[in-house]
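Engineer: Those sequence lines, one after another, are chains A and B. For the first sequence, position 8 (counting from the first letter as 1) is numbered 8 according to our numbering, and the numbering increases by one without interruption. Position in the second sequence (from 1) plus 108 gives the number in our numbering. Beta carbons: idealized from backbone N, C-alpha and C, even for Gly. Quick caveat: nothing in here was measured; it's all calculated off a predicted structure.
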Amino acid sequence: KQEVTQIPAALSVPEGENLVLNCSFTDSAIYNLQWFRQDPGKGLTSLLLIQSSQREQTSGRLNASLDKSSGRSTLYIAASQPGDSATYLCAAPGDMRFGAGTRLTVKP
Amino acid sequence: DTGVSQNPRHKITKRGQNVTFRCDPISEHNRLYWYRQTLGQGPEFLTYFQNEAQLEKSRLLSDRFSAERPKGSFSTLEIQRTEQGDSAMYLCASSARTSGNSYNEQFFGPGTRLTVL
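Right, here's the structure in full:
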């Protein structure tokens with residue numbers, strides 16, 4: 001059974017810093033991996049989807065990578081802004097399994 | 109707005125009452141998923157439909173929970189005899205079949221916040 005883990009649970013950085021969020025999964029046969037953003041009390045907003053045949057995807061200041069052999073994915077956020085403050089979740093959508101998220105705070 | 113919609117957005121009920129939530133997926137999406145999320149946790153899978161067929165149910169979905177998608181379009185999730193432990197955000201998502209008969213990206217609605225007093 002696929003398990004998805006995100007560490008740390010919370011992260012605080014100053015504005016402008018580049019940062020990396022981590023996601024681990026247990027089953028390397030993962031079909032694809034999806035990153036989401038969630039603001040307090042809101043639903044999940046899809047950020048990036050990485051297919052199993054891909055190694056990375058980019059959207060604006062976001063870059064996500066997938067390494068199936070090591071069971072890891074990272075979300076890189078460049079030049080962080082206060083508006084990036086939110087909880088970021090990764091998921092194996094094919095298995096309907098989600099991590100608990102990393103709560104990011106970007107301080108002005 | 110062509111995204112996933114959920115109603116109501118908030119529901120406060122007394123223990124023992126029945127509640128029903130509705131989800132309208134993105135129109136061309138075949139699959140519809142229900143999740144439950146509690147504070148500080150990721151969404152937990154409850155059940156999903158492909159068209160009108162309910163293909164999988166989680167062990168979290170006790171016999172007090174029932175979900176339907178009668179015409180393969182909108183779906184309802186009913187909780188009977190609510191308990192305080194049912195208080196959570198109930199999220200709905202949908203996905204489309206792509207070429208190769210696979211289902212990829214999930215799109216979520218805003219959720220229904222249930223509070224059981």
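Quick one: which chain B residues come within Cβ less than 8 Å of residue 107 of chain A?
Structural biologist: What residue 107 of chain A touches in chain B: nothing, since even the nearest Cβ is about 21 Å away.
Engineer: Give a yes or no on whether the minimum CB-CB distance between residue 140 of chain B and chain A is below 8 Å.
Structural biologist: False, the Cβ-Cβ gap to chain A never drops below 8 Å.
Engineer: Which residue's Cα is closest to the Cα of residue 120 of chain A: A/77, A/81, A/54?
Structural biologist: Not covered by the structure: residue 120 of chain A. The range shown for chain A is 1 to 108.
Engineer: Do residue 219 of chain B and residue 101 of chain A have their beta-carbon atoms positioned less than 8 Å apart in this structure?
Structural biologist: No, Cβ-Cβ distance for residue 101 of chain A and residue 219 of chain B is not below 8 Å.
Engineer: What residues in the segment 36-66 of chain A have a beta carbon less than 8 Å from any beta carbon of chain B?
Structural biologist: The segment 36-66 of chain A vs chain B, Cβ under 8 Å: 36, 41, 42, 43, 44, 45, 46, 49, 51.
Engineer: Could you check where the beta strand (DSSP E) with residue 103 of chain A kicks off and where it finishes?
Structural biologist: 102-107 is the extent of the beta strand (DSSP E) around residue 103 of chain A.
Engineer: Answer yes or no: does any C-beta atom of chain A fall closer than 8 Å to that of residue 182 of chain B?
Structural biologist: No, no contact with chain A.
Engineer: Is the segment 24-39 of chain A in contact with the segment 64-82 of chain A, if contact means three or more CB pairs nearer than 8 Å?
Structural biologist: Judged by Cβ distances under 8 Å, the segment 24-39 of chain A makes contact with the segment 64-82 of chain A, as three or more pairs qualify.
Engineer: Using a Cβ cut-off of 8 Å (strictly closer), state whether residue 199 of chain B contacts chain A.
Structural biologist: So yes, residue 199 of chain B belongs to the interface.
Engineer: Thinking just about the alpha-carbon of each residue, which of A/8, A/17, A/4 is nearest to the one in residue 81 of chain A?
Structural biologist: Here the closest residue by C-alpha is A/17.
Engineer: Which of the three DSSP states is assigned to residue 158 of chain B in this structure?
Structural biologist: Strand, per DSSP.
Engineer: Verify whether the separation of the beta carbon atoms of residue 93 of chain A and residue 214 of chain B is less than 8 Å.
Structural biologist: Result yes, Cβ atoms of residue 93 of chain A and residue 214 of chain B sit closer than 8 Å.
Engineer: Closer than 7 Å by C-beta to residue 143 of chain A: which residues in its own chain qualify, once you throw out the five before and the five after it? Chain order, please.
Structural biologist: One cannot answer for residue 143 of chain A here, as it falls past the ends of chain A, which runs 1 to 108.
Engineer: Have a look at residue 131 of chain B and residue 11 of chain A and give me their C-alpha separation to the nearest angstrom.
Structural biologist: The straight-line gap from Cα to Cα measures roughly 33 Å.
Engineer: When you compare only the Cα positions, how much space is there between residue 123 of chain B and residue 141 of chain B?
Structural biologist: Spanning the two alpha carbons is a distance of roughly 26 Å.
Engineer: Are residue 199 of chain B and residue 180 of chain B touching if we call contact CB-CB under 8 Å?
Structural biologist: Contact: no.
Engineer: Using three-state DSSP, classify residue 194 of chain B as helix, strand or coil.
Structural biologist: Helix, per DSSP.
Engineer: With a cut-off of 8 Å, does the C-beta of residue 150 of chain B fall near any C-beta of chain A?
Structural biologist: Closer than 8 Å: yes.
Engineer: Going along the chain, which residues of the segment 84-105 of chain A sit with their C-beta nearer than 8 Å to a C-beta in chain B?
Structural biologist: Cβ contacts with chain B come from 89, 91, 93, 94, 96, 97, 98, 99, 100, 101.
Engineer: For residue 32 of chain A, which option in A/38, A/98, A/8 has the closest C-alpha, if you only look at C-alpha atoms?
Structural biologist: Nearest of A/38, A/98, A/8 to residue 32 of chain A, Cα basis: A/98.
Engineer: Run through DSSP, which three-state label would residue 161 of chain A get?
Structural biologist: No answer is possible for residue 161 of chain A: it lies beyond the span of chain A, which begins at 1 and ends at 108.
Engineer: Give me whichever residues DSSP pairs with residue 118 of chain B in a beta bridge.
Structural biologist: DSSP, once it has assigned bridges, lists B/221 as partnering residue 118 of chain B.
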